[in-house]
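J.: As given, the protein sequences belong to chains A and B, one line each in that order.
Here the first sequence stands for residues 42 to 369, numbered as in this note's numbering.
Here the second sequence stands for residues 42 to 369, numbered as in this note's numbering.
Where is the CB? At the ideal position from N, CA and C, for every residue including glycine.
Structure provided below as structure tokens; questions to follow.
Protein chains: 2
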Amino acid sequence: MGYRIDGLQYANWSQKVFRQMRQGGLDAVHVTIAYHETFRETVLNIERWNRWFDEFPDLIMKGRLAGDVREARETGRTAIFFGFQNPSPIEDDIGLVEILHDLGARFMQLTYNNQSLLATGCYEDDDTGLTRMGRQVVAEMNRVGMVVDMSHSAERSTLEAIEHSTRPIAITHANPAFWQPALRNKSDAVLRALANSGGMLGFSLYPHHLKHKSACTLQSFCEMIARTAGIMGPERLGIGSDLCQDQPDSVVEWMRVGRWTRQIDYGEGSASAPGFPPMPDWYRDNRDIGNIQTGLRDAGFSDKEVAGIMGDNWLRFFEESFIPGDPP
Amino acid sequence: MGYRIDGLQYANWSQKVFRQMRQGGLDAVHVTIAYHETFRETVLNIERWNRWFDEFPDLIMKGRLAGDVREARETGRTAIFFGFQNPSPIEDDIGLVEILHDLGARFMQLTYNNQSLLATGCYEDDDTGLTRMGRQVVAEMNRVGMVVDMSHSAERSTLEAIEHSTRPIAITHANPAFWQPALRNKSDAVLRALANSGGMLGFSLYPHHLKHKSACTLQSFCEMIARTAGIMGPERLGIGSDLCQDQPDSVVEWMRVGRWTRQIDYGEGSASAPGFPPMPDWYRDNRDIGNIQTGLRDAGFSDKEVAGIMGDNWLRFFEESFIPGDPP
């Protein structure tokens, strides 16, 4: 054990980034491959990943099952697991859940900030919970082995997803609202329900989710994790850095605006700071992941708890989550 | 050994047909899942198969590797391997070869009668061989482990595919032209080149490919196989029945016409007989496959040769063909 797993990244992928994953000793990374993409556009993104797997076989490998994390460790590579931050890749077709699972997708958010066909996003005024299709898709995701991710969803929708899902769900990248009251961060009620159902929280390093944003200290971040462990237990926690390394600001605009509006939506930014915020100086990219390990020790976690939060908890969750389940 | 494998069918799939596969003792069937479909339409067809696998787990299972044929035998089921009779599912995008292989596609014809982006079909006046994209796609199919199938291709294109492919190819469903001089049947030159490269020929039971069509006798069919064994060797031969059971005549029209013409094209039929021809009385459906085994024995084949033609040769070919190869 003692794996290092990042529960979410959306970098501008390149040989440089893959090398930095290796320098950071990351055994696995859940990468976002779709924000607003249609099915066909998502497949084009998978094709691009196929070329990277072919081009950099010494750095990365495709991850399908938890065992691939172990194979990656043994062969000195990083296993890449696919996920979507929006259900747009399945369009209006529940059959695409199994198709995309077959192509490697292992996580799907039911919403990305806005209302979707499945649930309500965290930026909407009213949260109507899981839709009719949403309940069907959660059951189908349970059946094929695709994790429900509610990182960008609203409170009621999140609680209903936890309740309705027969398998534990994840919030791959968010922090507790008690520490930084962002719309994207989660209430104590959500954290408790998530932990009680066996789900996982990945702590985000995206500055808008951090106390004092880019100026957040490692000590404050790790003390927040310790406090969250008091609510959820240390075994339900991991890292989901939300690293958007090397992305041009046009990408954060695509993430926020997609094709759903003709106006600019600044999301967690503002007109005066519309771009990606600078990362905290103790986590600039994948090479710095070890700093968090040090910070967790300093915050009083045991070696076993630190190992769990750095990756072993995600690995256990992967083991439970990616194989097909019993039919609903 | 002693497997029963059908190298091509396009039935109107149903529980009835799957039960008849079991009654015929078929361990594996290569099924056509696309004639003129786009990528998205092909995915819809895969989704329909996913529902059948889910609905009839006691009768059929998805085939991905040769070992699945053995698992099917051990569990009393038929392994279903996907193929396309046209390259339309990859559209103009070579990256879709790997995507569709990941979704289970194991055979793809480079053409269906007409000129395609890849090669020339057997109904065109002029045969220009493999196109620029055709050569690239053959190399990509070799890389990922998808079999090049030239059943509906013209002579020069077929010879060039055999030559250009670094892995053995297949003609899954056709007969020798020496026996029945149909445009779809193959010359001695093609049969020799196919055998010399380690490829496979599946004998068709579609009446337009048979001597005396629907009135063809089992004896004539098996004597033709014996004569072909003299050219190709018995280990390069299998069955590819081209069974189109329970299909309405609208389907043979779709096969011939697709969306490429506003006129009716009768293909191998005629204005007076535009529909599916009746099958010979000794092979009406999957339950009759054993008759061919008997006929082959009567034609003088040894037990081992009969077992090879009935399925063991296809199984050996599956073993060689479906796993990724060395990069070109």
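Could you check which residue in PHE59(A), ASP306(A), VAL58(A), GLU115(A) has the C-alpha nearest to that of GLY43(A)?
T.: Selected option, being the one with the closest Cα: GLU115(A).
J.: Are the CB atoms of PHE358(A) and MET241(A) nearer to each other than 7 Å?
T.: Going by C-beta atoms, PHE358(A) is nearer than 7 Å to MET241(A).
J.: I need the straight-line Cα distance from GLU294(B) to ASN237(B), nearest angstrom please.
T.: Their backbone Cα atoms lie some 36 Å apart in a straight line.
J.: When the Cα atoms are used, what is the spatial distance from SER55(A) to GLU96(A)?
T.: One C-alpha to the other measures close to 11 Å.
J.: Answer yes or no: the CB of ASP283(B) versus the heavy atoms of the ligand SAM, is any distance below 6 Å?
T.: Ligands are entirely absent from the displayed structure, and the ligand SAM is therefore not among its contents.
J.: With DSSP as the reference, label LYS252(B) as helix, strand or coil.
T.: Coil, per DSSP.
J.: The beta strand (DSSP E) with ARG81(B) in it runs from where to where?
T.: Careful: ARG81(B) lies outside any beta strand (DSSP E), inside the alpha helix (DSSP H) at 80–96.
J.: In the structure shown, what three-state DSSP assignment does ALA120(B) receive?
T.: If DSSP states are grouped into helix, strand and coil, ALA120(B) belongs with the strands.
J.: Where do the ends of the alpha helix (DSSP H) carrying ALA113(B) lie?
T.: Run containing ALA113(B): 108–115, per the alpha helix (DSSP H) assignment.
J.: Could you round the C-beta distance between THR73(A) and TYR51(A) to whole angstroms and report it? I think they count as a contact, below 8 Å.
T.: So it is a contact: roughly 4 Å between Cβ atoms.
J.: Could you spell out where the beta strand (DSSP E) holding PHE244(B) opens and where it closes?
T.: 241–244 is the span of the beta strand (DSSP E), which, as asked, contains PHE244(B).
J.: With H, G and I counted as helix, E and B as strand and the rest as coil, what does DSSP make of ALA267(A)?
T.: In the structure shown, ALA267(A) sits in a helix (DSSP, three-state: H, G or I).
J.: How close, in whole Å, do the beta carbons of PHE148(B) and ASP190(B) come, if the pair is a contact with beta carbons under 8 Å?
T.: That belief holds up - the Cβ atoms of PHE148(B) and ASP190(B) are roughly 5 Å apart, short of 8 Å.
J.: Please list the partners that ILE140(B) has in chain A, where partner means a Cβ-to-Cβ separation under 7 Å.
T.: Those within 7 Å of ILE140(B) in chain A are VAL84, ILE87, GLU88, LEU144.
J.: Looking at ARG225(A): is its Cβ nearer than 7 Å to the Cβ of HIS250(A)?
T.: Going by C-beta atoms, ARG225(A) is nearer than 7 Å to HIS250(A).
J.: List in chain order: all unbroken alpha helix (DSSP H) runs of 4+ residues lying wholly within the segment 287–368 of chain B.
T.: Counting whole runs of 4 or more residues, the segment 287–368 of chain B contains the alpha helix (DSSP H) stretches 290–298, 330–339, 344–348, 354–362.
J.: So, is the C-beta of ASN91(A) closer than 7 Å to a C-beta in chain B?
T.: Yes, its Cβ sits closer than 7 Å to a Cβ of chain B.
J.: Going by the beta-carbon positions, is the gap between LEU151(B) and LEU159(B) smaller than 7 Å?
T.: Yes, Cβ-Cβ distance for LEU151(B) and LEU159(B) is below 7 Å.
J.: Quick check on PRO365(B) - is its C-beta less than 7 Å from some C-beta in chain A?
T.: It does not: the Cβ of PRO365(B) has no partner Cβ on chain A nearer than 7 Å.
J.: Could you check where the beta strand (DSSP E) with ILE74(A) kicks off and where it finishes?
T.: From DSSP, the beta strand (DSSP E) with ILE74(A) extends over 69–75.
J.: With DSSP as the reference, please indicate the residues paired to PHE148(A) in a beta bridge.
T.: Answer is GLY124(A), VAL188(A).
J.: What separation, rounded to the nearest whole angstrom, lies between the Cα atoms of ARG371(B) and GLY366(B)?
T.: Residue 371(B) lies beyond the stretch modelled for chain B, which goes from 42 to 369, so this question has no answer here.
J.: What is the DSSP secondary structure of ILE272(B), reduced to helix, strand or coil?
T.: The answer is helix: DSSP assigns ILE272(B) an H, G or I state.
J.: How about GLY136(A): is its C-beta nearer than 7 Å to some C-beta of chain B?
T.: Judged by the 7 Å Cβ criterion, GLY136(A) is in contact with chain B.
J.: What's the C-alpha gap between PRO368(B) and SER245(B)?
T.: Caution is warranted here: a pLDDT of 49 is assigned to PRO368(B), below 50, making its placement in the model unreliable, and the coordinate value is therefore given only provisionally. Cα to Cα, PRO368(B) sits roughly 33 Å from SER245(B).
J.: Strictly under 7 Å for the Cβ-Cβ distance: is SER55(B) near chain A by that measure?
T.: It does not; no Cβ of chain A falls within 7 Å.
J.: Excluding five sequence neighbours on each side, which residues of the same chain lie with their C-beta closer than 7 Å to the C-beta of ALA146(A)?
T.: Excluding sequence neighbours, ALA146(A) sits near PHE123, GLY124, PHE125, MET187.
J.: Mind checking which residues open and close the alpha helix (DSSP H) that includes LEU232(B)?
T.: That run of the alpha helix (DSSP H) goes 229–237.
J.: I'd like to know whether the C-beta of PRO369(A) is nearer than 7 Å to at least one C-beta of chain B.
T.: Low per-residue confidence applies at PRO369(A): pLDDT is 42, beneath 50, and the placement is therefore not dependable, though the value from the model is reported in the following sentence. With 7 Å as the cut-off, PRO369(A) does not count as an interface residue toward chain B.
J.: Please list, in chain order, all residues of the same chain as VAL347(B) whose beta carbon is under 7 Å from its beta carbon, the five residues on each side excluded.
T.: Around VAL347(B): GLN334, LEU337, ARG338.
J.: Does PRO217(B) come out as helix, strand or coil in the three-state DSSP assignment?
T.: Strand, per DSSP.
J.: Hey, out of ILE46(B), PRO289(B), GLY162(B), VAL298(B), whose CA is closest to GLY65(B)'s CA?
T.: The shortest C-alpha separation from GLY65(B) is found at ILE46(B).
J.: Taking GLN50(B) as part of the beta strand (DSSP E), name the residues at either end of that continuous run.
T.: Start and end: 46–50.
J.: Assign ASN53(B) to one of two classes, buried (16 or more other C-beta atoms within 10 Å of its C-beta) or exposed (fewer than that).
T.: Counting Cβ neighbours within 10 Å, ASN53(B) comes out exposed, since fewer than 16 surround it.
J.: Looking at THR213(B) and LEU49(B), is the spacing between their C-beta atoms short of 7 Å?
T.: In this structure, THR213(B) lies closer than 7 Å to LEU49(B) by Cβ.
J.: Assuming ILE101(A) is part of the beta strand (DSSP E), what are its boundary residues?
T.: Looking at the DSSP string, the run of the beta strand (DSSP E) that includes ILE101(A) is 101–103.
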